[in-house]
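Chains as they are written, first to last, in the numbering used here: chain A, -17 to 113; chain B, -17 to 113; chain C, -17 to 113.
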Amino acid sequence: METLEIRTGSREEMIDITGQVRTLLRKNGWKNGALLLYCPHTTGAITVNEGADPSVVRDITVNMRKLVPLHGDYKHLEGNSDAHIKTSMFGPDQMLIIEDGDIMLGTWQRIFFCEFDGPRNRKLWAQFMSS
Amino acid sequence: METLEIRTGSREEMIDITGQVRTLLRKNGWKNGALLLYCPHTTGAITVNEGADPSVVRDITVNMRKLVPLHGDYKHLEGNSDAHIKTSMFGPDQMLIIEDGDIMLGTWQRIFFCEFDGPRNRKLWAQFMSS
Amino acid sequence: METLEIRTGSREEMIDITGQVRTLLRKNGWKNGALLLYCPHTTGAITVNEGADPSVVRDITVNMRKLVPLHGDYKHLEGNSDAHIKTSMFGPDQMLIIEDGDIMLGTWQRIFFCEFDGPRNRKLWAQFMSS
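In structure tokens:
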């Protein structure tokens, strides 16, 4: 298992980590198989979505906040229940196909860490399975 | 990595791809392990849900459109931000257990490609990991 | 493939299955790799979230019911379309990293079976992939 370190800068944001994941592949010589990216936090998730137009991640972030608002019928005293709910909706795990040492992504796809309760120092774990 | 091709017929629909995935298993002789299905598009996803009563996928499609409407507070100029949001909610990856060359599915489960911005020609990728 | 058995006690709840998954690892001698947990039901899902404060799973359950209500524009005659929708939002599969025979979880993380249409007797499937 390898670890990525991420510093987030605001309460809710999506950070493109595709470059960091590529560096990890090269460093470890991972060539062909599948990569499990796993978020060990309960107020953050991993997703894959469009990275070409930054409006897309803005639209996702803003509208997820509307769907699951910061204030609501919450009992959890830390005041971040919205972040926990969004974490289970997006999921803490992301599987990726690896071929010839690179991540197989669609034309517009980038890998994002989704911060739902930042800013914080975050870690992501990566486990490679060779095919 | 293998590729499945799908032609979708409307803007939002869920297409049962279980038969196509089974054909892929047989063609490649994949016997025991896990299969990663991966959608390289940013306005489509893969899920597993009930396939016996077609009302279920109708209810999912109609109510996801209510939760994440076509028109809203969106900046992305392509006008399909709803599709991007739904893609991250359902997720582009789906893991399946493979035993004796068949997909292990529950009694009512079928595998669906979720089109959120069609009609389009779509591809899905499949990576097998033997156990 | 191995099977876990779970008895749920109400219509909607999240049951901590971390202990049962740990027992499965020990019983099978699974040491290093990744574990696929898979739910063969179409009205239940698996997620990872905070287990320290029980208010968190209460907040998730209550607010998911608000987002996807029991009664609505549903055609499926069984009356549990809300449960099917939530199943695709949380997803039936969960990947976990296994090291030295233990599940790699963040400080506050626990594994939950999400019951959306109980009470019922449920099964979960587990497939280990060694790294």
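Every residue gets a Cβ at the ideal spot worked out from N, C-alpha and C, and that includes glycine. Nothing here was measured: the structure is a model prediction, and the numbers come from that model.
**Message:** Just to confirm before moving on: does the CB-CB distance between Leu18 (chain C) and Val3 (chain C) stay below 8 Å?
**Reply:** In the third sequence, residue 18 (chain C) corresponds to position 36, counting from 1. In the third sequence, residue 3 (chain C) corresponds to position 21, counting from 1. No, Cβ-Cβ distance for Leu18 (chain C) and Val3 (chain C) is not below 8 Å.
**Request:** Note down, one range per segment and in chain order, each alpha helix (DSSP H) of at least 4 residues found wholly within the region 78 to 104 of chain A.
**Result:** none
**Prompt:** For the alpha helix (DSSP H) that Asn31 (chain A) lies in, which residues bound it at each end?
**Reply:** As a first step, residue 31 (chain A) is located in the first sequence; it is residue number 49 there, counting from the start. Counting along the chain, Asn31 (chain A) falls outside any alpha helix (DSSP H), though it belongs to the beta strand (DSSP E) covering 26 to 32.
**Request:** For Ile(-12) (chain B), name the three-state secondary structure that DSSP assigns.
**Result:** Taking the first residue of the second sequence as 1, we reach residue -12 (chain B) at position 6. Strand at Ile(-12) (chain B).
**Residues bridged to Trp12 (chain C) [DSSP beta-bridge criterion]** = Your numbering for residue 12 (chain C) matches position 30 in the third sequence. Answer is none; Trp12 (chain C) lacks a bridge partner.
**Asked** Can you name the start and end residues of the beta strand (DSSP E) that Ile(-3) (chain B) belongs to?
**Response** Position 15 of the second sequence, counted from the first residue, corresponds to residue -3 (chain B). It spans -5 to -2 - the beta strand (DSSP E) in which Ile(-3) (chain B) sits, taken as one unbroken run.
**Message:** Just to make sure I have the definition right: I need the residues of chain B whose C-beta is within less than 7 Å of the C-beta of Gly73 (chain C). Which are they?
**Reply:** Locating residue 73 (chain C) in the third sequence gives position 91, where the first residue counts as 1. Those within 7 Å of Gly73 (chain C) in chain B are Gly73.
**Asked** Which of helix, strand or coil does DSSP assign to Asp35 (chain C)?
**Response** Position 53 of the third sequence, counting from 1, holds the residue named residue 35 (chain C). In this structure, Asp35 (chain C) counts as coil in the three-state DSSP scheme.
**Prompt:** Looking at Glu81 (chain C) and Met(-17) (chain A), is the spacing between their C-beta atoms short of 8 Å?
**Reply:** Position 1 of the first sequence holds residue -17 (chain A). Position 99 of the third sequence holds residue 81 (chain C). It is a contact, given that the beta carbons lie within the stated cut-off.
**Prompt:** Looking only at its own chain, which residues have a Cβ that is under 6 Å from the Cβ of Ile(-1) (chain B), when we skip the five neighbours before and after it?
**Reply:** Along the second sequence, read from residue 1 onward, the residue named residue -1 (chain B) stands at position 17. Only Ile93, Phe95 meet the Cβ criterion.
**Message:** So if I threshold CB-CB distances at 8 Å, which residues from the region 35 to 51 of chain A count as touching chain B?
**Reply:** Asp35, Ser37, Val38, Arg40, Asp41, Ile42, Val44, Asn45, Met46, Lys48, Leu49
**Asked** Using DSSP with H/G/I as helix, E/B as strand and the rest coil, what is Ser112 (chain A)?
**Response** Counting from 1 along the first sequence, the entry for residue 112 (chain A) is found at position 130. In the structure shown, Ser112 (chain A) sits in a strand (DSSP, three-state: E or B).
**Prompt:** What number of angstroms, rounded off, separates the C-alpha of Gly61 (chain B) from the C-alpha of Gly15 (chain C)?
**Reply:** To locate residue 61 (chain B), count along the second sequence from 1; it is residue 79. To locate residue 15 (chain C), count along the third sequence from 1; it is residue 33. If I take the Cα positions, the gap works out to 42 Å.
**Asked** In terms of residue numbering, what span does the alpha helix (DSSP H) encompassing Asp64 (chain C) cover?
**Response** For the purposes of this step, residue 64 (chain C) is identified with residue 82 of the third sequence, where counting begins at 1. Run containing Asp64 (chain C): 63 to 72, per the alpha helix (DSSP H) assignment.
**Asked** Going by the beta-carbon positions, is the gap between Ser(-8) (chain C) and Lys57 (chain A) smaller than 8 Å?
**Response** Within the third sequence, residue -8 (chain C) is the residue found at index 10, counting from 1. Within the first sequence, residue 57 (chain A) is the residue found at index 75, counting from 1. It is not a contact, given that the beta carbons lie outside the stated cut-off.
**Asked** With 16 as the cutoff for other CB atoms within 10 Å, does Asp193 (chain A) come out buried or exposed?
**Response** Residue 193 (chain A) is absent from the model: chain A starts at -17 and stops at 113.
**Beta-carbon proximity list for Pro101 (chain A), same chain, < 8 Å, skipping 5 on both sides** = For the purposes of this step, residue 101 (chain A) is identified with residue 119 of the first sequence, where counting begins at 1. The answer, listed in chain order, is Arg(-11), Thr(-10), Gly(-9), Ser(-8), Arg(-7).
**Prompt:** Any idea which residues DSSP pairs Leu19 (chain A) with across the strands?
**Reply:** The count along the first sequence starts at 1 and reaches residue 19 (chain A) at position 37. Answer is A:Gln76, A:Ala108, bridged to Leu19 (chain A).
**Prompt:** Is there at least one Cβ from chain C nearer than 8 Å to Lys13 (chain A)'s Cβ?
**Reply:** Here residue 13 (chain A) refers to the residue found at position 31 when the first sequence is read from its first residue. So, not an interface residue.
**Request:** Run down chain A in chain order and give the residues with a C-beta less than 9 Å from the C-beta of Thr(-15) (chain B).
**Result:** Counting from 1 along the second sequence, the entry for residue -15 (chain B) is found at position 3. Ordered by position in chain A, no residue passes the 9 Å Cβ test against Thr(-15) (chain B), which lies about 11 Å from the chain.
**Message:** Tell me the DSSP secondary structure of Met46 (chain A) in three-state form.
**Reply:** Within the first sequence, residue 46 (chain A) is the residue found at index 64, counting from 1. Met46 (chain A): helix per DSSP, three-state reduction.
**Item:** Rounded straight-line distance, which links the Cα of Lys13 (chain A) to that of Ala(-15) (chain B)
**Value:** One-based indexing of the second sequence puts residue -15 (chain B) at position 3. One-based indexing of the first sequence puts residue 13 (chain A) at position 31. Ala is not the amino acid found at residue -15 (chain B); the sequence shown has Thr there. Thr(-15) (chain B) and Lys13 (chain A): Cα-Cα distance of roughly 19 Å.
**Prompt:** Since Leu106 (chain B) contacts Ile28 (chain B) with CB under 8 Å, what's their CB separation in whole angstroms?
**Reply:** Residue mapping note: residue 106 (chain B) aligns to position 124 of the second sequence, counting from 1. Residue mapping note: residue 28 (chain B) aligns to position 46 of the second sequence, counting from 1. The Cβ separation is near 7 Å, so the contact holds.
**Prompt:** Under the rule that 16 or more other beta-carbon atoms within 10 Å means buried, what is Asp55 (chain B), buried or exposed?
**Reply:** Locating residue 55 (chain B) in the second sequence gives position 73, where the first residue counts as 1. By the neighbour-count rule (16 or more Cβ atoms within 10 Å), Asp55 (chain B) is not buried but exposed.
**Item:** Proximity below 8 Å, CB of Thr25 (chain A) to CB of Ala65 (chain A)
**Value:** Within the first sequence, the letter at position 43 stands for residue 25 (chain A). Within the first sequence, the letter at position 83 stands for residue 65 (chain A). Yes; because the gap between Cβ atoms is below 8 Å, this pair is in contact.
**CB contact below 8 Å: Gln2 (chain C) versus chain A** = Numbered from its first residue, the third sequence carries residue 2 (chain C) at position 20. Output row for Gln2 (chain C): interface = no.
**Asked** When the distance is taken between beta carbons, is Met71 (chain B) closer than 8 Å to Val39 (chain B)?
**Response** The sequence position of residue 39 (chain B) within the second sequence is 57, counting from 1. The sequence position of residue 71 (chain B) within the second sequence is 89, counting from 1. No, the pair does not count as a contact, with Cβ atoms beyond the cut-off.
**Item:** Coarse secondary structure for Leu7 (chain B), derived from DSSP in three states
**Value:** As a working mapping, residue 7 (chain B) is identified with position 25 in the second sequence. Note: Leu7 (chain B) maps to helix in three-state DSSP.
**Request:** Can you tell me which of the three DSSP states Asp41 (chain B) falls into?
**Result:** By one-based count along the second sequence, residue 41 (chain B) stands at place 59. In this structure, Asp41 (chain B) counts as helix in the three-state DSSP scheme.
**Asked** Along chain A, in chain order, which residues have C-beta atoms closer than 8 Å to that of Pro22 (chain B)?
**Response** Walking along the second sequence from the start, residue 22 (chain B) turns up at place 40. By Cβ distance, chain A contributes Met86, Leu87, Gly88, Thr89, Gln91.
**Prompt:** Would Thr29 (chain B) count as contacting chain C if we go by Cβ distances under 8 Å?
**Reply:** Here residue 29 (chain B) refers to the residue found at position 47 when the second sequence is read from its first residue. Closer than 8 Å to some Cβ of chain C, the Cβ of Thr29 (chain B) qualifies, so yes.
**Asked** To the nearest angstrom, how far is it from the Cα of Pro74 (chain C) to the Cα of His23 (chain C)?
**Response** As a first step, residue 74 (chain C) is located in the third sequence; it is residue number 92 there, counting from the start. As a first step, residue 23 (chain C) is located in the third sequence; it is residue number 41 there, counting from the start. For Pro74 (chain C) and His23 (chain C), the distance between alpha carbons rounds to 8 Å.
**Request:** Within 10 angstroms of the Cβ of Ala108 (chain C), are there 16 or more other Cβ atoms? Answer buried if so, exposed if not.
**Result:** For the purposes of this step, residue 108 (chain C) is identified with residue 126 of the third sequence, where counting begins at 1. The residue in question, Ala108 (chain C), is buried, as its Cβ has 16 or more Cβ neighbours within 10 Å.
**Message:** Quick check on the burial criterion: 16 or more other C-beta atoms within 10 angstroms. Buried or exposed for Arg104 (chain B)?
**Reply:** As a first step, residue 104 (chain B) is located in the second sequence; it is residue number 122 there, counting from the start. By the 10 Å Cβ count, Arg104 (chain B) comes out buried.
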